[in-house]
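Student:
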Amino acid sequence: MGYTEEPDARISAVIDECEAELLKEARPQFVWRVFNIMRAGHDLYLSDCDFYLEGKDIAEHLRGCDKAAVVCSTLSSDTDRFLKKLDVSDSMKAVISDALANAMIEQVSEEARQDILANMPGYSTTWCYGAGYGDFPIECAPLLIASVDAVRKIGVCCTATHMLTPRKTIIGVVGLYRGELDKKRRSCEDCNAKDTCRFRAYGTRC
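Residues in the sequence shown are numbered consecutively from 799, following the working numbering.
(1) Beta-carbon separation of residue 877 and residue 952 under 7 Å?
(2) Counting along the chain, where does the beta strand (DSSP E) carrying residue 870 start and finish?
(3) Checking 7 Å against the spacing of the C-beta atoms, do residue 844 and residue 833 come in under that value?
(4) Write down the C-beta distance between residue 863 and residue 835 rounded to the nearest angstrom, noting that I regard them as a contact closer than 8 Å.
(5) Quick one: residues in its chain with C-beta nearer than 8 Å to the C-beta of residue 895, no 5 flanking neighbours on either side, listed in chain order?
(6) So residue 867 and residue 914 are supposed to be a Cβ contact under 8 Å. How far apart are they, rounded?
(7) Does DSSP classify residue 828 as helix, strand or coil?
(8) Could you check if residue 886 is buried or exposed, using at least 16 other CB atoms within 10 Å of its CB as the buried criterion?
(9) Checking contacts by CB at 7 Å: is residue 879 closer than that to chain B?
(10) Where are the beta strand (DSSP E) runs, 3 residues long or more, that stay fully inside the stretch 832 to 896, in chain order?
(11) Using the Cβ count rule (16 or more neighbours within 10 Å means buried), how would you classify residue 849?
(12) What separation, rounded to the nearest whole angstrom, lies between the Cα atoms of residue 888 and residue 860?
(13) Apart from the five residues just before and just after residue 938, which ones in its own chain have a Cβ nearer than 8 Å to its Cβ?
(14) Please report the straight-line C-alpha distance between residue 847 and residue 830, rounded to a whole angstrom.
(15) In the structure shown, what three-state DSSP assignment does residue 965 receive?
(16) Whose C-alpha, out of 922, 857 and 926, is nearest the C-alpha of residue 903?
(17) Taking all protein chains shown into account, decide if residue 824 is buried (16 or more other Cβ within 10 angstroms of its Cβ) or exposed.
(18) Please go through the same chain and pick out, in chain order, the residues whose beta-carbon is closer than 7 Å to the beta-carbon of residue 982, but skip the five residues on each side of it.
(19) If we ignore side chains and look at the alpha-carbon of each, how far apart do residue 969 and residue 891 end up?
(20) Tell me residue 923's beta-bridge partners as DSSP assigns them.
(21) Give the single residue among 958, 954, 956 and 909 whose Cα lies nearest to the Cα of residue 972.
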């Protein structure tokens, strides 16, 4: 959560309380769908979709992949309501719970990746490259959401300004390829928050 030293007993107790409350309120869900990757010059397309994956960064992320899974993970609107209530009633718990929710949605996204692996024998995967990372435009989010029917299946929508709702949601692309997982592909340099990241400021990682 960005602490540079161990929190004291009081803070630890509040963190434990926030975690218990969040686990009670959150309804983690995910949906994914695998597509063949179609290449035309430098452009990448997903089979059965009418859009291409724009940006050099997503092309690099999918280098060597012959398939890609669009993955949408969310903590549900119940989590949003819980966090909004804390914003009004308890600012300290609001900050802690928001950080815990960020960690939880990353865990849900990882569970989705593991589910893909379990259902795609013989394949390894990249990590989930989200819309808005690097030069992969956030404007792709509505198309990605539609490609997995996330509105109907898990209640995920995208506003006119490309904000995801529920708020604690990740929509992105996981590359699939034959062979062993290249763990070197993920780094802080791939993250669109690297210049403002509070973890990097403290010399740690998320």
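Just so it is clear, CB atoms sit at the ideal spot from N, CA and C, and this is done for glycine as well.
Tutor: Concretely, from the data shown:
(1) no
(2) 865 to 872
(3) yes
(4) 6 Å
(5) 816, 819, 820, 880, 881 and 884
(6) 5 Å
(7) strand
(8) exposed
(9) Annotation note: the requested chain B is absent from the structure, which comprises a single protein chain.
(10) 841 to 844 and 865 to 872
(11) exposed
(12) 43 Å
(13) 849, 851, 852 and 929
(14) 14 Å
(15) coil
(16) 926
(17) buried
(18) Note that residue 982 scores 44 on pLDDT, short of 50, meaning its location in the model is unreliable; the coordinates nonetheless yield the value given after this. Here the set comprises nothing.
(19) 27 Å
(20) 974
(21) 909
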